[in-house]
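Notes follow once the structure below has been shown.
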Amino acid sequence: MLSGLSKTIDKVRGLSISAERKEVLKVLIDYVQSKVDAGQEVNLNFICTHNSRRSQFSQIWAQTAADFFGVPAHCYSGGVEVTAFNERAVDSIKRSGFGVAATGEINPVYQVLHSEDAQAIQAFSKLFDDPINQAAQFAAVMTCSHADDNCPFIPGTEQRIPVRYEDPKAFDDTPQEAEKYDERSMQIASEMFYVFSEIKLPS
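Be aware that the sequence shown starts at 871, since it is given in this note's numbering, and climbs by one per residue.
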């Protein structure tokens, strides 16, 4: 892991997770474990309405956690509308220590790196069924209530798993903006690291 990111990971692994949240996350843990036990690919598609904040955080942190613990998982993200990976969320990811490079202007594609030798995570706003989310079988992890309530059917999903987060958008253009984006990113990071730390790999 990149040195700055390693420090952030040490921090998030020390954050406490409530019993209530652990119960929410157990469904995701059980799904991942079932795929590992069956020797099948683990594909997770994190879905939020605009694919701009929470689902992006979730994809990036989940892929990082999976790679950290050696769990063979492919993490994607998408939405029901295309906007852009919000610049405030991008800035938060940079503050966490990820390497980030961007191409394009209207809906930039960000190459997000957690280590020098890893394949970059491609982060940009897209529909949940965008061709880049190429998994034939996956779990749809619903990270916001609006997408969860307004997407009654997601083609191709094996399981629909609600893991909802509060939207940091509420603090846009306020003095608390950076603090609240980092707070949400850290919560998601701590929960994704908890999920993948619970996975038992074959010996």
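Ideal placement from N, C-alpha and C gives every residue a C-beta, glycine not left out.
Cβ neighbour criterion (16 or more within 10 Å) applied to residue i
i	result
residue 936	buried
residue 884	exposed
residue 910	exposed
residue 1006	exposed
residue 1044	exposed
residue 1037	buried
residue 908	exposed
residue 905	buried
residue 889	exposed
residue 949	buried
Length of the line joining the Cα atoms of residue i and residue j
i	j	result
residue 1041	residue 1025	33 Å
residue 944	residue 1046	33 Å
residue 1054	residue 1014	13 Å
residue 913	residue 1031	13 Å
residue 967	residue 931	12 Å
residue 933	residue 916	11 Å
residue 1058	residue 928	6 Å
residue 1003	residue 1011	13 Å
residue 938	residue 951	31 Å
residue 996	residue 1050	24 Å
residue 891	residue 1035	11 Å
residue 1027	residue 998	11 Å
residue 893	residue 1066	15 Å
residue 1072	residue 957	40 Å
residue 989	residue 969	12 Å
Reduced DSSP category for residue i - H, G, I as helix; E, B as strand; rest coil
i	result
residue 901	helix
residue 1071	coil
residue 883	coil
residue 944	strand
residue 894	helix
residue 874	helix
residue 1038	helix
residue 1010	strand
residue 923	coil
residue 1028	strand
Other residues of its chain near residue i: CB distance less than 6 Å, five sequence neighbours each side excluded
i	result
residue 993	926, 955, 980 and 982
residue 973	979
Chain-order list of residues whose beta-carbon lies under 8 Å from that of residue i (same chain, five-residue window excluded)
i	result
residue 887	895, 1060, 1061 and 1064
residue 903	1068, 1069 and 1070
residue 959	922, 923, 926, 927, 1038, 1051 and 1055
residue 877	967
Nonlocal neighbours in the same chain, by C-beta distance under 7 Å from residue i, ignoring five residues either side
i	result
residue 1052	962 and 965
Report task. Counting only runs of 3+ residues fully inside the segment 953-992, write out the beta strand (DSSP E) ranges in chain order. Result -> 969-973 and 979-983
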